[in-house]
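One structure below.
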Amino acid sequence: MTESQISIHTGFAHLHDLPCLVLRWGKATVVVSLYGAQVLSYRPDNGPDLLWLSPLANWHNGSAIRGGIPICWPWFGPADKRLMPDAGTLPNHGLVRNRMWQLTEQYSDEAKVSITLSLTLSDLPQTTSKVTVKLTVTLSDQLAIKLYCDNELLQQAALHSYFAIGDISQTKVYPLPLVYQDKLLNALVDVQQTETGFSAETDRIYADTADKLNISTPNAGVTLQQDGHDATVVWNPWIEKSQKTADLTDDSYQSFVCVETAKLQLDKPVPLNLVQIISRR
Ligand code: TA6
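In structure tokens, the structure reads:
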């Protein structure tokens with residue numbers, strides 16, 4: 000019989016006053032912040048956390064928490080001008096990382112434990128009507144994250160997952176397409192191999208990625224199952240951007256890689272149903 004439990008908890012790591020939910024299924028635990036509906040920790044057993052949280056992460060003064068799985072919605076990166084003329088005034092990665100979500104559903108049995116957090120907004124640039132976005136977190140022998148919005152909107156989204164790694168110089172992500180959009184060069188780049196390593200700042204959008212990706216790093220590895228996506232973003236800030244980013248330490252780049260399941264197309268209004276499933280390899 001696998002014990003499962005959902006509990007409310009104040010604080011996680013150095014974020015002592017943060018309202019959180021803790022999900023337990025057997026020896027597995029997940030911590031989810033109500034602020035931003037952000038998964039902060041996933042430990043499949045008593046072993047290491049598969050996710051990374053910056054030691055300088057902050058949630059006050061409207062900050063987005065640096066680490067875990069930030070929710071980028073209803074746009075990714077800088078808002079696209081197709082959403083509104085003065086998109087430049089809008090925050091990076093959408094409107095929901097710094098808002099308090101509500102717990103609207105919960106479920107637990109011996110097969111799994113699950114919560115759903117919801118947020119209703121009436122200040123989207125895409126529409127004047129109220130829109131509800133939901134996040135369902137399901138823990139079993141894997142961690143499934145589903146971000147969904149039934150409204151047909153011009154909407155982008157990303158599950159901006161920060162994965163803990165042992166050594167950035169020995170970390171690889173694969174299989175990836177042979178072409179990617181390099182956000183640093185603002186250009187399409189062709190490559191000859193279907194895996195990427197890391198030796199400099201890396202900020203890439205891979206379109207039409209496989210449903211299954213792997214992150215390999217010394218002593219550990221993660222498998223991702225993706226659904227509802229049209230792209231995967233791979234990011235590591237490397238040295239200079241780590242030094243310049245307030246909520247990263249100078250050597251943070253050595254400790255995480257972001258592999259982000261994303262839905263970026265903006266050619267027509269559609270509902271959203273974006274899934275990332277994380278399991279240890
Ligand atoms: O997903 C990669 C990226 O878009 C990078 O360009 C970098 O900006 C990163 O997200 C973090 O963004 P944030 O707004 O959380 O600092």
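Numbering of the sequence shown is given in numbering that gives the first Met the number 0, commencing with residue 0 and proceeding in unit increments.
For each residue, glycine too, the CB sits at the ideal point set by N, CA and C.
Predicted model, so just to flag it, every value in this text is computed and none were measured.
Between which two residues does the alpha helix (DSSP H) harbouring residue i extend?
{"i": "Gln37", "result": "From DSSP, Gln37 is part of no alpha helix (DSSP H) but of the beta strand (DSSP E) over Gln37 to Arg42."}
{"i": "Ile238", "result": "Trp237 to Lys243"}
Out of the options, which has the shortest C-alpha to C-alpha gap to residue i?
{"i": "Phe75", "options": "Ala230, Ile276 and Lys267", "result": "Ala230"}
{"i": "Ser6", "options": "Ala12, Leu102, Trp72 and Leu94", "result": "Leu102"}
{"i": "Pro90", "options": "Arg23, Thr260, Val21 and Ser62", "result": "Ser62"}
{"i": "Ile164", "options": "His8, Gly67, Val31 and Asp210", "result": "Gly67"}
{"i": "His228", "options": "Leu120, Pro84 and Gln155", "result": "Gln155"}
{"i": "Leu273", "options": "Cys257, Asp210, Tyr161 and Val29", "result": "Asp210"}
{"i": "Tyr252", "options": "Arg65, Leu33, Phe11 and Thr208", "result": "Arg65"}
{"i": "Phe162", "options": "Lys26, His8 and Arg42", "result": "Arg42"}
{"i": "Lys267", "options": "Leu49, Gln4 and Leu152", "result": "Leu152"}
{"i": "Leu265", "options": "Arg81, Leu50 and Val21", "result": "Arg81"}
{"i": "Asp44", "options": "Gly35, Gly25 and Met83", "result": "Gly25"}
{"i": "Asp207", "options": "Pro176, Arg280, Lys240 and Gln275", "result": "Pro176"}
{"i": "Ala78", "options": "Thr28, Thr88 and Pro69", "result": "Thr88"}
{"i": "Pro174", "options": "Val188, Pro54 and Tyr205", "result": "Tyr205"}
{"i": "Ser139", "options": "Ser113, Val269 and Asp250", "result": "Ser113"}
{"i": "Val31", "options": "Asp249, Thr135, Lys262 and Val233", "result": "Thr135"}
{"i": "Trp237", "options": "Asp166, Gln4, Leu50 and Met0", "result": "Asp166"}
{"i": "Ile276", "options": "Gly10, Gly35, His159 and Thr119", "result": "His159"}
{"i": "Lys262", "options": "Ala36, Pro270 and Val256", "result": "Pro270"}
According to DSSP, simplified to helix, strand and coil, what is residue i?
{"i": "Ile277", "result": "strand"}
{"i": "Ile164", "result": "coil"}
{"i": "Ala86", "result": "helix"}
{"i": "Gln191", "result": "coil"}
{"i": "Ser117", "result": "strand"}
{"i": "Gln264", "result": "coil"}
{"i": "Gln253", "result": "helix"}
{"i": "Thr300", "result": "What is shown of the chain runs 0 to 280, which leaves residue 300 out entirely."}
{"i": "Glu109", "result": "coil"}
{"i": "Asp202", "result": "strand"}
{"i": "Pro69", "result": "coil"}
{"i": "Gln125", "result": "coil"}
{"i": "Trp100", "result": "coil"}
{"i": "Asp48", "result": "coil"}
{"i": "Ala56", "result": "coil"}
{"i": "Leu207", "result": "Strictly speaking, residue 207 in this sequence is Asp, with Leu absent from that position. Asp207: coil per DSSP, three-state reduction."}
{"i": "Trp234", "result": "strand"}
{"i": "Asn185", "result": "coil"}
{"i": "Pro77", "result": "coil"}
Where does the unbroken beta strand (DSSP E) through residue i begin, and where does it stop?
{"i": "Ser3", "result": "Ser3 to Phe11"}
{"i": "Leu151", "result": "Residue 151 is actually Glu in this sequence, not Leu. Looking at the DSSP string, the run of the beta strand (DSSP E) that includes Glu151 is Leu142 to Leu152."}
{"i": "Lys171", "result": "Lys171 to Tyr173"}
{"i": "Val132", "result": "Val130 to Leu138"}
{"i": "Gln155", "result": "No beta strand (DSSP E) contains Gln155, which DSSP labels as neither H nor E."}
{"i": "His92", "result": "Segment: none, His92 is in no beta strand (DSSP E) and carries neither H nor E."}
{"i": "Trp335", "result": "No statement about residue 335 is possible, as the shown extent of the chain runs from 0 to 280 and does not include it."}
{"i": "Asn213", "result": "Lys211 to Thr216"}
{"i": "Thr28", "result": "Ala27 to Ser32"}
{"i": "Leu223", "result": "Ala219 to Asp226"}
{"i": "Asp229", "result": "It is not in any beta strand (DSSP E) - Asp229 carries neither H nor E in the DSSP assignment."}
{"i": "Asp181", "result": "Val178 to Asp181"}
Does residue i have its Cβ less than 7 Å from a Cβ in chain D?
{"i": "Leu49", "result": "The structure shown contains no chain D; it is built from a single protein chain."}
Evaluate contact between the stretch 155-174 and the stretch 212-227, counting only Cβ atoms and requiring at least three cross-stretch pairs below 8 Å. The answer is yes - the stretch 212-227 touches the stretch 155-174, with three or more Cβ pairs under 8 Å.
The stretch 236-251 / the stretch 125-134 touching (three or more Cβ pairs under 8 Å): With a cut-off of 8 Å, the stretch 125-134 and the stretch 236-251 do not count as touching, because too few Cβ pairs lie within range.
With three or more beta-carbon pairs closer than 8 Å as the criterion, would you say the stretch 47-67 touches the stretch 4-22? With the cut-off at 8 Å, the stretch 47-67 and the stretch 4-22 touch.
Is there contact between the stretch 119-126 and the stretch 87-99, where contact requires at least three CB pairs shorter than 8 Å? By the Cβ criterion, the stretch 119-126 is in contact with the stretch 87-99, since at least three pairs of Cβ atoms, one from each stretch, lie closer than 8 Å.
Okay, do the stretch 187-194 and the stretch 105-117 touch, 3+ Cβ pairs below 8 Å being the bar? Verdict: no, contact absent.
Counting Cβ pairs closer than 8 Å, one from the stretch 141-160 and one from the stretch 198-214, do we hit at least three? In short, these stretches do not touch, since the Cβ pair count stays below three.
Contact between the stretch 218-227 and the stretch 177-188: three or more CB pairs below 8 Å? With a cut-off of 8 Å, the stretch 177-188 and the stretch 218-227 do not count as touching, because too few Cβ pairs lie within range.
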